[in-house]
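*Asks:* Have a look at this one.
6 protein chains.
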Amino acid sequence: MKRHQFSANSWQEVGEMDRANTTILIPLGSTEQEGTHLPLGVDTFVAESLAHEVAKETGALAGPALPLGYSEWFLEFSGTISLKLETLTQVLREYTSCLIRHGFRKLIFINGHAGNSTAVDVVARECTLSQSARIAMVEIWKLANLMAADIPDLKEKSFKHAGEIMTSVMLYLHPDMVTMDRARVEYVKSGQGPFKAKSSLGFADFKGMEIKVYEGAKTLTESGIMGDPLSATAQKGEMIFNRLKSYLTEMVTNF
Amino acid sequence: MKRHQFSANSWQEVGEMDRANTTILIPLGSTEQEGTHLPLGVDTFVAESLAHEVAKETGALAGPALPLGYSEWFLEFSGTISLKLETLTQVLREYTSCLIRHGFRKLIFINGHAGNSTAVDVVARECTLSQSARIAMVEIWKLANLMAADIPDLKEKSFKHAGEIMTSVMLYLHPDMVTMDRARVEYVKSGQGPFKAKSSLGFADFKGMEIKVYEGAKTLTESGIMGDPLSATAQKGEMIFNRLKSYLTEMVTNF
Amino acid sequence: MKRHQFSANSWQEVGEMDRANTTILIPLGSTEQEGTHLPLGVDTFVAESLAHEVAKETGALAGPALPLGYSEWFLEFSGTISLKLETLTQVLREYTSCLIRHGFRKLIFINGHAGNSTAVDVVARECTLSQSARIAMVEIWKLANLMAADIPDLKEKSFKHAGEIMTSVMLYLHPDMVTMDRARVEYVKSGQGPFKAKSSLGFADFKGMEIKVYEGAKTLTESGIMGDPLSATAQKGEMIFNRLKSYLTEMVTNF
Amino acid sequence: MKRHQFSANSWQEVGEMDRANTTILIPLGSTEQEGTHLPLGVDTFVAESLAHEVAKETGALAGPALPLGYSEWFLEFSGTISLKLETLTQVLREYTSCLIRHGFRKLIFINGHAGNSTAVDVVARECTLSQSARIAMVEIWKLANLMAADIPDLKEKSFKHAGEIMTSVMLYLHPDMVTMDRARVEYVKSGQGPFKAKSSLGFADFKGMEIKVYEGAKTLTESGIMGDPLSATAQKGEMIFNRLKSYLTEMVTNF
Amino acid sequence: MKRHQFSANSWQEVGEMDRANTTILIPLGSTEQEGTHLPLGVDTFVAESLAHEVAKETGALAGPALPLGYSEWFLEFSGTISLKLETLTQVLREYTSCLIRHGFRKLIFINGHAGNSTAVDVVARECTLSQSARIAMVEIWKLANLMAADIPDLKEKSFKHAGEIMTSVMLYLHPDMVTMDRARVEYVKSGQGPFKAKSSLGFADFKGMEIKVYEGAKTLTESGIMGDPLSATAQKGEMIFNRLKSYLTEMVTNF
Amino acid sequence: MKRHQFSANSWQEVGEMDRANTTILIPLGSTEQEGTHLPLGVDTFVAESLAHEVAKETGALAGPALPLGYSEWFLEFSGTISLKLETLTQVLREYTSCLIRHGFRKLIFINGHAGNSTAVDVVARECTLSQSARIAMVEIWKLANLMAADIPDLKEKSFKHAGEIMTSVMLYLHPDMVTMDRARVEYVKSGQGPFKAKSSLGFADFKGMEIKVYEGAKTLTESGIMGDPLSATAQKGEMIFNRLKSYLTEMVTNF
């Protein structure tokens with residue numbers, strides 16, 4: 008018997024699999040502020056749910072989810088727990104090298120948090136250089152952003168931190184963790200000067216061009232929300248989640 | 008509203024808590040061989056379940072569980088994913104320092120895997136020296152061992168890797184992940200020589216005294232089982248789990 | 008006397024400056040394959056030239072340029088010299104902390120190589136968190152891409168590795184280092200499968216959406232060129248360089 | 008000529024040995040508080056003496072002793088010099104890898120300080136995994152504890168930090184370093200609460216079960232003594248030391 | 008076509024070279040106080056100029072210059088930017104290993120700063136042990152010292168930090184960066200005690216013997232000058248520079 | 008009572024000392040080839056003996072000796088055990104920071120092995136910058152070299168690795184560890200080429216100037232001897248040792 012959850016199998020069951028042809032889906036999350044109304048674990052919960060659903064459909068295995076990512080810029084918000092980027096990179100290096108040691112050759116990172124991407128890049132490129140494995144990564148919110156454009160009634164067509172897309176997906180997956188009466192509309196604030204902050208990652212606008220000016224997250228947003236979550240619904244969330252799931256299912260099938 | 012799962016709360020909800028008096032329970036697991044009949048994630052699953060149950064009872068918060076521990080000696084068994092001890096230590100250092108930064112002062116590690124203990128020791132002693140937090144750790148299997156002695160019908164009174172206690176707890180918590188027809192009785196093998204291996208951690212007997220002689224895990228056990236899981240039942244598992252839960256509940260209340 | 012090149016001043020001359028109000032421009036480059044016709048040092052040369060020109064205009068100082076960046080995925084091409092991302096991050100951490108120790112509070116990284124960006128992010132966010140300095144970064148090729156759209160006769164409106172924009176700038180700045188008879192048109196190759204590589208950084212297309220599938224650079228491009236450099240001219244290069252220079256001059260003035 | 012002290016031989020003399028069949032005994036010590044009446048170097052002195060005596064008997068070689076171990080929790084006591092556990096691990100990794108490079112295949116750590124044990128574990132497991140050497144470790148005080156039970160007149164049958172066993176051994180080996188008029192009886196103190204400290208390593212009792220609650224060493228003991236050294240005598244020390252020596256001699260002979 | 012500057016060639020041009028027989032000259036500099044009249048980048052500028060001149064003469068390639076070295080003891084002087092020695096060592100390790108990967112086997116470090124020497128030593132010895140490359144290093148100021156003895160009119164026959172030799176070379180290479188009216192005569196100061204400081208590197212005299220007593224650089228020199236730059240001339244500088252160049256040219260030819 | 012050996016005192020005895028005015032002598036050694044006739048531990052033995060003798064005379068304390076140094080270039084010779092320079096530096100950083108934590112402010116490294124010097128430099132400069140301690144270092148063989156010039160009958164006036172000075176000192180201190188019938192005269196070999204090796208540290212002569220060309224130690228010397236030990240006598244050794252001891256005694260008294 009093969010269970011879709013990697014660590015729900017015994018070592019012997021793993022050993023009997025056709026490991027070279029079994030894709031491992033590695034969910035990466037974070038524990039960070041996601042606005043006043045969404046739980047700290049949004050990125051982890053969604054990445055993990057997706058990985059499990061897709062594994063069930065495809066015969067891939069969902070590996071253990073990492074609940075801590077690189078979110079150092081949100082440390083001013085209570086409850087954010089961040090690894091250093093160097094530490095996260097080392098964790099991923101050891102995680103993937105163990106899988107490769109066991110004969111797995113196809114790894115897809117299901118990444119719920121943009122801050123983790125470079126750690127994946129670094130490890131994946133090392134594997135590419137040594138030709139030890141074939142590695143891919145999807146950033147789920149970036150993908151959601153691309154997929155949401157034609158969702159009916161979606162007010163906020165582009166993804167915003169703690170905005171309509173993220174809130175909708177959470178209302179679908181974990182409505183008990185969403186406190187809608189703490190939700191409000193807030194956009195990244197920018198001072199009077201000519202540099203206009205665009206996101207908490209450092210992106211800013213100066214004279215119509217995008218550059219980076221790093222500012223403390225607390226100066227950019229009081230609530231941590233950087234969009235409009237008020238029109239979010241579970242129905243929209245279900246639609247977005249299912250699109251992600253379908254896409255990833257096809258992706259795994261073709262990987 | 009306060010949810011017992013740390014990352015099910017928003018940053019604002021965390022920020023409104025009486026953080027100095029709220030205990031965080033940090034589940035530590037592993038992804039390693041646990042015999043032919045038990046899943047790789049046993050340590051993580053049990054530590055996480057316990058932390059959640061105890062958090063519900065006590066008002067403590069169950070922090071994100073770490074599913075990778077230090078299990079390097081089991082790497083010969085398919086599916087084992089291990090961090091270096093140095094890496095795990097650094098992860099715990101950053102995990103605890105973020106919590107301390109946010110004002111938490113009471114941390115209890117619910118440790119499902121003995122190999123992780125020294126990483127906790129190192130970080131806890133640093134916190135003690137800097138007087139930044141009060142830290143405790145329970146090793147759940149060691150505790151189960153102490154608590155199981157008078158369980159009726161328990162054949163194996165002392166805890167064995169993948170033996171009756173561990174198997175029983177998993178039959179109670181996750182029967183779907185246990186493949187009893189792969190279970191068998193196996194004890195740590197020792198060759199003809201005068202050094203008798205006692206466990207996969209290196210403990211050995213020489214002339215009646217316990218010392219350490221490090222051997223590859225595959226030479227000590229074929230199945231990964233180091234005891235007798237055949238008499239395990241969900242009922243025994245429930246009893247053990249509930250004792251652990253009661254004990255930890257009292258512990259948190261008094262911490 | 009104040010020279011625009013940071014290290015052309017003596018320590019005493021630096022000490023006499025109004026350091027809190029003097030911006031340091033830090034050029035970051037790379038030594039990596041830039042196609043068959045362009046020199047390995049393109050990123051360094053352009054970043055350094057820009058920093059110097061802008062410093063002359065504004066009273067900022069151009070700090071020492073780092074000629075090695077993070078380019079590990081190009082190591083299959085002769086001559087590429089790459090630092091590990093962790094090493095580059097540590098170098099930037101020490102570079103900035105020394106400047107901050109001396110009282111400088113305004114740092115702008117003039118980054119000629121996209122692979123370096125995360126190292127800057129990490130260090131800048133640490134400074135933001137400790138409120139020790141105000142830090143910005145421009146990625147010069149990304150900016151060139153935004154600025155080139157309406158350049159007359161520019162065939163390749165979007166920036167390509169070793170393509171028309173980069174080649175033009177080099178024909179303007181260092182024509183002696185460009186070997187146009189080695190130039191040719193080549194685009195990122197992708198095999199027959201459904202995953203279409205889009206760049207050497209791992210970006211790929213699957214069913215119309217951008218994800219990442221990491222592949223060895225040599226399988227993506229023979230020449231290292233990923234665009235069409237054949238229409239490049241020094242005149243276009245001058246125009247692009249001057250736009251970059253004007254923009255940065257304004258940026259520094261307003262920083 | 009072969010001298011029992013590893014570093015008393017020249018490189019040529021070492022090179023002429025049957026290295027694959029020569030056991031190296033590696034003494035590990037510490038520099039830490041050992042009560043008011045015992046010197047900081049107890050662990051080092053005893054481990055080194057044992058290694059030398061056993062080497063003389065067996066043809067093994069006593070390698071250089073490391074006088075600094077991992078004792079961070081005693082840093083509040085004057086004179087304690089501790090390495091980080093990560094640093095100690097790296098030192099042991101390099102120490103063993105040099106010996107293995109030279110062809111030695113049998114290493115036994117004579118460990119005088121429990122805090123060092125995990126560093127040995129880590130390195131030994133790496134060697135086991137790579138099958139590069141056969142490694143064992145004895146913790147001398149744990150062994151002394153096992154061996155002392157039937158010593159006549161020994162009041163304190165179980166080993167205590169700076170108690171009767173340790174003091175006796177030092178009275179035998181280095182009476183000049185023992186200041187008996189500073190000796191006194193003191194046991195680990197525990198406050199009024201329900202958690203009762205059992206040792207300086209973090210072990211504590213809660214409701215009859217052993218868990219860990221980390222406390223500053225200075226709150227547990229004023230003198231650093233955690234037992235009763237007053238009945239210690241050189242005669243008892245000689246008996247204990249000789250038992251250790253005999254046991255290790257047999258062990259080496261059979262290794 | 009082969010350009011003498013390593014990074015002025017394309018990867019293809021590098022790939023076509025007879026790499027095993029082409030020497031790479033690696034200029035190492037610093038950004039540190041060099042007296043009140045000399046620029047922070049003296050070491051970098053001179054090392055880089057030399058490497059380029061020698062490369063032109065010999066067919067060797069001048070690799071990218073590192074402008075930051077290990078100068079931590081000068082951090083009290085404004086503008087000094089220092090790497091940790093460990094960081095510099097790692098940078099050199101990666102720099103050389105990339106070159107070796109590409110087939111280069113002959114590397115000569117043109118080192119403008121004595122503080123960098125051990126980092127080169129460490130990396131070079133590793134290469135020697137693995138027999139991966141042949142490595143040499145020249146410390147240019149030490150060489151200048153040896154070569155200057157018979158220069159006519161040279162008042163200061165031995166090299167001093169910011170003294171006549173260094174100032175002369177800079178007056179020859181970069182007169183615009185020298186502010187002679189800030190030059191003055193200053194020697195390393197030593198207090199009343201029996202230990203007489205001899206240099207900023209820690210060398211001191213006690214009773215006629217050289218030992219090391221480490222002191223803050225600011226207590227040793229106000230201006231950073233530790234000699235007499237007043238008689239420096241461009242003519243002397245040219246003579247010294249040309250001797251260095253001739254010597255290195257012969258060295259490369261024979262390497 | 009105060010014992011001259013640091014770790015022969017109890018923590019309480021250390022705590023009662025006038026720590027700010029008590030100098031700690033830290034012996035640094037190595038375990039490396041010292042010729043065919045001298046033991047691997049020469050540097051450690053001599054440094055430790057000196058530190059103890061001087062401590063007895065002066066009221067200083069001899070700290071624990073480190074028997075492993077940085078000797079990587081001798082790894083080809085059986086028995087050499089070397090730390091990485093980075094590891095040694097970290098060990099010294101932790102060693103000194105513990106002493107400083109306990110209130111010691113005067114540290115003198117008695118360094119028996121030139122390869123360790125930079126590690127001391129790095130740590131000492133950090134202490135100087137933070138003004139946490141006053142640190143000095145003597146390299147004993149360099150000092151012996153300076154002091155031996157007028158010793159009657161000394162054939163080899165300058166110090167050579169495993170030559171007359173080192174052998175004489177060992178004949179005085181540890182005659183049982185010297186195997187004179189394995190001694191022979193050997194000087195650093197150099198091939199036919201124009202680069203003449205001068206030592207195993209990389210120093211070489213090219214056209215009368217000293218540069219560095221790194222070569223494997225085994226190509227430089229067969230025996231590891233790089234001088235003439237045949238005229239060594241215990242009498243000469245005693246004279247040299249006593250000069251070192253007197254000098255250091257005066258040094259400590261004045262420190």
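For the record, the sequence lines run as chains A, E, W, V, Z and S. Heads up: take any position in the first sequence, counting from 1, add 7, and you land on this note's numbering. Heads up: take any position in the second sequence, counting from 1, add 7, and you land on this note's numbering. Heads up: take any position in the third sequence, counting from 1, add 7, and you land on this note's numbering. Heads up: take any position in the fourth sequence, counting from 1, add 7, and you land on this note's numbering. Heads up: take any position in the fifth sequence, counting from 1, add 7, and you land on this note's numbering. Heads up: take any position in the sixth sequence, counting from 1, add 7, and you land on this note's numbering. Cβ atoms here follow ideal geometry from the backbone N, Cα and C, with glycine treated the same way.
Taking Cβ positions, are F13 of chain E and G70 of chain E nearer each other than 8 Å?
*Replies:* Residue 13 of chain E sits at position 6 when you count from the first residue of the second sequence. Residue 70 of chain E sits at position 63 when you count from the first residue of the second sequence. Taking 8 Å as the Cβ cut-off, F13 of chain E and G70 of chain E qualify as a contacting pair.
*Asks:* Using the C-alpha atoms, what's the distance from T65 of chain A back to S56 of chain A?
*Replies:* Counting from one through the first sequence, the residue named residue 56 of chain A turns up at place 49. Counting from one through the first sequence, the residue named residue 65 of chain A turns up at place 58. In a straight line, the C-alpha of S56 of chain A is about 14 Å away from that of T65 of chain A.
*Asks:* Tell me whether M24 of chain V sits in a helix, a strand or coil according to DSSP, three-state version.
*Replies:* Taking the first residue of the fourth sequence as position 1, residue 24 of chain V is located at position 17. Correct three-state label for M24 of chain V: coil.
*Asks:* Using C-beta distances below 7 Å, list every residue in its chain close to S139 of chain Z, excluding the 5 sequence neighbours before and after it, in chain order.
*Replies:* As a working note, residue 139 of chain Z is residue 132 in the fifth sequence. If we look at S139 of chain Z and ignore the five residues flanking it on each side, its Cβ neighbours are I107.
*Asks:* Identify the residues that DSSP records as bridge partners of A204 of chain V: which are they?
*Replies:* One-based indexing of the fourth sequence puts residue 204 of chain V at position 197. Answer is V:A211, bridged to A204 of chain V.
*Asks:* Interface residues of chain V around L136 of chain E at Cβ under 8 Å?
*Replies:* Along the second sequence, one-based indexing puts residue 136 of chain E at 129. E79, W80, L82, E83 and G223, listed in chain order.
*Asks:* Run through chain C and tell me which residues come within less than 7 Å of E257 of chain W, C-beta to C-beta.
*Replies:* Looking for chain C here will not work: the only protein chains present are A, E, W, V, Z and S.
*Asks:* With three or more C-beta pairs closer than 8 Å as the rule, is the stretch 172-191 of chain S touching the stretch 101-119 of chain Z?
*Replies:* Short answer: they don't touch.
*Asks:* Residues in the same chain with beta-carbon distance under 8 Å from N82 of chain V, minus the five sequence neighbours each way, listed in chain order, please.
*Replies:* Taking the first residue of the fourth sequence as position 1, residue 82 of chain V is located at position 75. The displayed chain sequence assigns Leu, not Asn, to residue 82 of chain V. Correct list, in chain order: S89.
*Asks:* Any beta carbon from chain V within less than 8 Å of G209 of chain E's own beta carbon?
*Replies:* By 1-based counting over the second sequence, the position of residue 209 of chain E is 202. Yes, contact with chain V.
*Asks:* If contacts are defined as beta-carbon pairs under 8 Å, then I33 of chain E and L150 of chain E qualify, I think. What distance do you get, rounded to the angstrom?
*Replies:* Start at 1 with the first residue of the second sequence, and residue 33 of chain E comes out as number 26. Start at 1 with the first residue of the second sequence, and residue 150 of chain E comes out as number 143. The pair is not a contact, with the Cβ atoms about 16 Å apart (cut-off 8 Å).
*Asks:* Any residues in the stretch 153-181 of chain Z with a beta carbon nearer than 9 Å to a beta carbon of chain S? Which ones, in chain order?
*Replies:* Cβ contacts with chain S: L153 and M154.
*Asks:* To the nearest angstrom, report how far apart L45 of chain E and W148 of chain E are at their CA atoms.
*Replies:* Here residue 45 of chain E is taken as the residue at index 38 of the second sequence, counted from 1. Here residue 148 of chain E is taken as the residue at index 141 of the second sequence, counted from 1. Those two C-alpha atoms are separated by around 15 Å.
*Asks:* Select from the stretch 8-22 of chain S all residues with a C-beta closer than 9 Å to any C-beta belonging to chain V, and list them in chain order.
*Replies:* Answer in chain order: M8, R10, Q12, F13, S14, A15, N16, S17, W18, Q19, E20, V21 and G22.
*Asks:* Just by C-beta distance, which residues in the stretch 116-131 of chain A are closer than 7 Å to chain W?
*Replies:* Residues T125, D128, V129 and A131.
*Asks:* Based on Cα-Cα distance, which residue from S:H11, S:G86 and S:T51 lies nearest to N16 of chain V?
*Replies:* As a first step, residue 16 of chain V must be located in the fourth sequence, where it is residue number 9. That would be S:G86, whose Cα lies nearest to the Cα of N16 of chain V.
*Asks:* Name the chain E residues whose beta carbon is nearer than 9 Å to that of E64 of chain V?
*Replies:* Counted from its first residue, the fourth sequence places residue 64 of chain V at position 57. Those within 9 Å of E64 of chain V in chain E number zero; the least Cβ separation is about 16 Å.
*Asks:* I need the DSSP call for F81 of chain A, collapsed to helix, strand or coil.
*Replies:* Along the first sequence, read from residue 1 onward, the residue named residue 81 of chain A stands at position 74. Helix, per DSSP.
*Asks:* Contact check, V129 of chain V vs L92 of chain E under 8 Å by CB: the rounded distance?
*Replies:* Along the fourth sequence, one-based indexing puts residue 129 of chain V at 122. Along the second sequence, one-based indexing puts residue 92 of chain E at 85. So it is a contact: roughly 5 Å between Cβ atoms.
*Asks:* For S197 of chain Z, which residues from the same chain have a beta carbon less than 7 Å from its beta carbon, with the 5 sequence-adjacent residues on both sides left out?
*Replies:* Along the fifth sequence, one-based indexing puts residue 197 of chain Z at 190. Answer for S197 of chain Z: K203 and A204, listed in chain order.
*Asks:* Considering only residues of the stretch 49-112 of chain W, which uninterrupted alpha helix (DSSP H) runs meet the minimum length of 4 residues and lie entirely inside it, listed in chain order?
*Replies:* Segments of the alpha helix (DSSP H) lying fully in the stretch 49-112 of chain W: 49-65 and 92-108.
*Asks:* Should E23 of chain S go down as buried or exposed, given a rule of 16 or more other Cβ atoms within 10 Å for buried?
*Replies:* One-based indexing of the sixth sequence puts residue 23 of chain S at position 16. Its Cβ having fewer than 16 others within 10 Å, E23 of chain S is exposed.
*Asks:* Would you check if the stretch 161-180 of chain E and the stretch 234-253 of chain E touch, i.e. whether three or more CB-CB distances between them fall below 8 Å?
*Replies:* With a cut-off of 8 Å, the stretch 161-180 of chain E and the stretch 234-253 of chain E count as touching, because enough Cβ pairs lie within range.
*Asks:* Determine whether the beta carbon atoms of N152 of chain Z and L35 of chain Z lie at a separation below 8 Å.
*Replies:* Numbered from its first residue, the fifth sequence carries residue 152 of chain Z at position 145. Numbered from its first residue, the fifth sequence carries residue 35 of chain Z at position 28. In this structure, L35 of chain Z does not lie closer than 8 Å to N152 of chain Z by Cβ.
*Asks:* Which of the three DSSP states is assigned to V185 of chain V in this structure?
*Replies:* Residue 185 of chain V sits at position 178 when you count from the first residue of the fourth sequence. DSSP places V185 of chain V in coil when its eight states are reduced to three.
*Asks:* At least one CB of chain V closer than 8 Å to the CB of L106 of chain E: is that the case?
*Replies:* Taking the first residue of the second sequence as 1, we reach residue 106 of chain E at position 99. Answer no: the Cβ-Cβ gap between L106 of chain E and chain V never drops below 8 Å.
*Asks:* When Cβ atoms are compared, which residues of the stretch 87-102 of chain Z fall closer than 9 Å to chain S?
*Replies:* Listed by position, the residues of the stretch 87-102 of chain Z near chain S (Cβ gap below 9 Å) are K91, L92, E93, T96 and Q97.
*Asks:* Give a yes or no on whether the minimum CB-CB distance between G244 of chain Z and chain W is below 8 Å.
*Replies:* Here residue 244 of chain Z is taken as the residue at index 237 of the fifth sequence, counted from 1. G244 of chain Z does not count as touching chain W.
*Asks:* In the DSSP output, what is Q12 of chain W paired with across the bridge?
*Replies:* Start at 1 with the first residue of the third sequence, and residue 12 of chain W comes out as number 5. Paired residues: W:A69.
*Asks:* Between the Cα of A190 of chain A and those of A:M177, A:G200, A:Y221 and A:P201, spot the shortest distance and give me the residue it belongs to.
*Replies:* Residue 190 of chain A sits at position 183 when you count from the first residue of the first sequence. Nearest of A:M177, A:G200, A:Y221 and A:P201 to A190 of chain A, Cα basis: A:M177.
*Asks:* Judging by CA-CA distance, which residue of S:T228, S:V195 and S:G223 is the nearest neighbour of D212 of chain S?
*Replies:* Taking the first residue of the sixth sequence as position 1, residue 212 of chain S is located at position 205. Answer by Cα proximity: S:V195.
*Asks:* Could one say the Cβ of M144 of chain E lies closer than 8 Å to chain V's Cβ atoms, at least one of them?
*Replies:* If you number the second sequence from 1, residue 144 of chain E lands on position 137. Closer than 8 Å to some Cβ of chain V, the Cβ of M144 of chain E qualifies, so yes.
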